[in-house]
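In terms of our numbering, the sequence shown opens at residue 54 and continues consecutively.
Ideal Cβ positions, reconstructed from N, Cα and C, are used throughout, including at glycine.
For reference, the structure is listed below as structure tokens.
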Amino acid sequence: MTTNSIELRRQSVKYEAVVSTQSTGTLRVCYERCVYYPTAMTCLLSAVWHGFSPGYYGCFLSLAFFTLTSRKLRRYVRPKFLGSTGLKMFYDILTTVCSLILFNYAGIQFEMHSFERLYEFYRYFYCLPHLVCLFLYIFCPSPPQPKEE
């Protein structure tokens, strides 16, 4: 019995590797060719790829929003922490912990297959991660764009 479960697991790992390789290429092409909002469109494509469950859309669109916010914050905040090794380490640890929390928050939504469960999930957390990211995205100044000559 154990042998069958191990063999099945090996086969599923091979299948996941093939699907992952194919979907990674598809997502890369989507990101590179999309003119407007490539991160959001790529995440939307991932949700459609997985199916029509509300949790898939909640998960991938949350990840897109968190990614956009983290990119903006990184461009603005990270240079302020590069002055010393201790500050850089603090920044790295802080961003790693925040990323893990947000990734797990978004990942739980992937398992929600009804609007009611997804709504209860958001109510339980008061949409706090989304609201904090929205606040940071709106009120964090954009870094200056490099001038083209």
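Residues near residue i in its chain [Cβ-Cβ closer than 8 Å; skip 5 each side]
i, result
"residue 114", "93, 96, 97 and 100"
"residue 166", "106, 107 and 108"
Exposure label - residue i; buried when at least 16 CB within 10 Å
i, result
"residue 108", "buried"
"residue 197", "exposed"
"residue 132", "exposed"
"residue 116", "buried"
"residue 184", "exposed"
"residue 140", "exposed"
"residue 200", "exposed"
Start-to-end residues for the alpha helix (DSSP H) that takes in residue i
i, result
"residue 131", "No alpha helix (DSSP H) contains residue 131, which DSSP labels as neither H nor E."
"residue 103", "91–103"
"residue 167", "Careful: residue 167 lies outside any alpha helix (DSSP H) and carries neither H nor E."
"residue 185", "181–192"
"residue 139", "138–162"
Residues near residue i by beta carbon distance below 7 Å, same chain, minus five either side
i, result
"residue 125", "190, 193 and 195"
When the options are compared against residue i, the one with the closest alpha-carbon
i, options, result
"residue 158", "142, 146, 136 and 118", "118"
"residue 127", "139, 138, 149 and 137", "149"
"residue 160", "147, 175 and 90", "175"
Beta-carbon spacing of residue i, residue j below 8 Å
i, j, result
"residue 104", "residue 162", "no"
"residue 186", "residue 122", "yes"
"residue 182", "residue 155", "yes"
Cβ neighbours of residue i in the same chain (closer than 6 Å, five flanking residues each side left out)
i, result
"residue 7", "Here the chain has residues from 54 to 202 only, and residue 7 is not among them."
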